[in-house]
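Report on the following structure.
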Amino acid sequence: MAMTRVTIKDVAVSLGLSVSTVSRALNDKGDVDPKTRKKVKEKAVELGYFPNMVAKALKGKVLGLLGVVIDDNANPFYAEVVKGMERQARKYGFHLLLVNTSADYEEQVFAVDFLQSKGVDGILIAPVDDTKPYEMEALRVPFVVVGRHFEEGDFVEVYNDEVLGGYLATKHLLDGGRRNIVTIQPAMNIYPTRGRSEGYRKALIEFSAELYNQSRELKSSPEQAGNSLKEYIKTQGLPDAIFAYNDMYALEVITCLKGRKLRVPEDVAVVGYDDIPYSVYVHPALTSVALDKEWMGRTSVELLVRMVQGEELKKKKYIQKPVLRVRDSG
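Residue numbers (UniProt numbering): 1 to 330.
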């Protein structure tokens with residue numbers, strides 16, 4: 001019978017600790033009690049946990065394999081980013097090994113551990129939470145942060161100016177005469193959410209303090225965006241505009257509004273974000289904040305390959321300026 005490889009999760013379960021604590025203990029990173037650190041290492045040896053086995057065996061050699069850790073490659077946004085990654089990786093003779101996290105922190109820790117055990121030369125990662133720099137410091141291979149921004153931590157990052165994106169979307173609605181503008185977004189504590197929200201509020205406060213004080217941020221998953229909007233309308237009334245966190249949210253919102261016999265944009269204007277390919281095929285065609293998603297993928301691979309080859313990058317932050325694509329929805 002084939003033996004099952006022991007994972008970091010097995011070590012964590014056996015000790016009643018979180019995967020993140022075990023990861024930090026094994027890598028001598030973060031604030032872990034010395035006794036706990038010792039206990040973790042002893043248990044790892046006892047269970048036969050051997051991280052990064054391939055990399056240890058081929059120390060100093062480049063395998064030509066890059067790991068990718070993202071929320072969900074079925075998401076049209078990430079599909080375009082990964083396409084850019086693949087094209088650039090092939091250019092340099094590298095292959096990609098991709099793992100989805102479903103925006104779950106424990107899955108992210110497991111994904112990183114898995115990729116390092118396979119001996120990847122480096123990792124491209126969109127962290128589930130970009131407020132914990134010590135988690136990134138636990139990585140044992142070069143890495144590039146994609147689509148996120150740590151306010152603390154000196155990491156190589158490729159991301160978008162989300163504040164500008166949120167500002168452009170909201171200002172466009174204000175310029176179109178809309179005053180009761182609701183934004184709908186996930187509850188995730190990541191830079192895209194924080195930045196777009198900040199841009200939304202920035203546009204409102206520039207227009208008037210009264211509008212800023214009336215700002216409404218509705219938290220929801222993309223699948224529940226329509227239901228969340230229905231509940232909001234019941235209690236707060238109908239807004240005249242909605243700034244959606246991304247185009248998937250926007251499409252759910254438009255479906256909800258049409259189901260209530262409301263017209264877009266006559267009754268409610270809708271602006272999305274990401275400008276995914278579907279945006280031009282829906283009716284009405286979706287106004288959206290556009291990003292060059294393939295650029296993100298190409299640039300992140302370019303930087304990671306340079307790091308894998310031993311280059312110390314002087315520039316750490318690579319920031320894309322979004323633009324607004326005005327169509328029919330708002």
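Glycine included, C-beta positions come from ideal geometry on N, C-alpha and C.
Whole angstroms is fine: what's the gap from residue i's alpha carbon to residue j's?
i      : j      : result
Phe110 : Val182 : 37 Å
Lys83  : Gly297 : 7 Å
Ala89  : Val301 : 6 Å
Ser208 : Ser197 : 17 Å
Arg194 : Gly165 : 11 Å
Tyr105 : Asp129 : 8 Å
Val268 : Arg24  : 48 Å
Ile190 : Glu294 : 21 Å
Thr7   : Ile242 : 44 Å
Glu252 : Arg306 : 41 Å
Pro34  : Ile233 : 53 Å
Gly259 : Arg148 : 35 Å
Gln108 : Tyr249 : 24 Å
Thr36  : Ser18  : 12 Å
Val69  : Pro133 : 16 Å
Phe114 : Glu135 : 15 Å
Ser20  : Val11  : 11 Å
Tyr281 : Tyr273 : 15 Å
Val45  : Asp31  : 22 Å
Please return the same chain residues whose Cβ sits closer than 7 Å to the Cβ of residue i, not counting the five positions on each side in sequence.
i      : result
Met53  : In this predicted model, Met53 has a pLDDT of only 44, less than 50, meaning its place in the structure is not dependable enough to derive any value.
Ser14  : Lys43, Leu47
Leu58  : With a pLDDT of 46 at Leu58, under the threshold of 50, the modelled position of that residue is not reliable, and the figure given next carries that caveat. So the qualifying residues of the chain are Gly119.
Glu86  : Leu96
Leu313 : Val156, Leu303, Arg306, Met307
In the DSSP assignment, what are the bridge partners of residue i?
i      : result
Tyr318 : Val158
Glu217 : Thr183
Phe207 : None; Phe207 has no bridge partner.
Leu66  : Leu96, Gly122
Thr287 : Val271
Val323 : Ala290
Ala241 : Ile181, Ala269
Quick one: what's got a C-beta closer than 6 Å to residue i's C-beta in the same chain, skipping five residues either side?
i      : result
Asp328 : Pro284, Ala285
Asp161 : Ile319, Lys321
Thr287 : Val271, Val326, Arg327, Ser329, Gly330
Assuming residue i contacts residue j (C-beta within less than 8 Å), just tell me the rounded distance between them.
i      : j      : result
Val270 : Leu324 : Their Cβ separation, rounded to whole angstroms, is 13 Å, which puts Val270 and Leu324 out of contact at 8 Å.
Pro192 : Lys219 : At roughly 14 Å, the Cβ-Cβ gap does not stay under 8 Å, so Pro192 and Lys219 are not in contact.
Lys171 : Ala203 : 4 Å
Ile276 : Ala225 : Going by Cβ atoms, the distance from Ile276 to Ala225 rounds to 15 Å, so no, they are not a contact pair.
Gly122 : Leu66  : 5 Å
Leu304 : Leu124 : 6 Å
Lys9   : Leu26  : Between Leu26 and Lys9 the Cβ distance is about 12 Å, and since that is not below 8 Å, they are no contact.
Val158 : Val141 : About 17 Å; that fails the 8 Å criterion.
Using a Cβ-Cβ cut-off of 8 Å (strictly less than) and excluding sequence neighbours within five positions of residue i, which residues of its own chain qualify?
i      : result
Asn73  : Ala79, Val82, Leu98, Asn100
Gly93  : Gly64
Asp240 : Arg178, Arg179, Asn180, Ile181, Asp267, Val268, Ala269
Is residue i near the ligand MG, going by C-beta to nearest heavy atom under 7 Å?
i     : result
Ile70 : The ligand MG is not part of the structure shown, which contains no ligands of any sort.
Quiz prompt | Contained alpha helix (DSSP H) runs [length at least 4] in the region 243 to 281, N- to C-terminal order | solution = 247 to 259
Exercise. Return the chain-ordered ranges of every beta strand (DSSP E) run that is complete within the region 88 to 149 and spans a minimum of 3 residues.
Key: Counting whole runs of 3 or more residues, the region 88 to 149 contains the beta strand (DSSP E) stretches 95 to 100, 122 to 125, 143 to 146.
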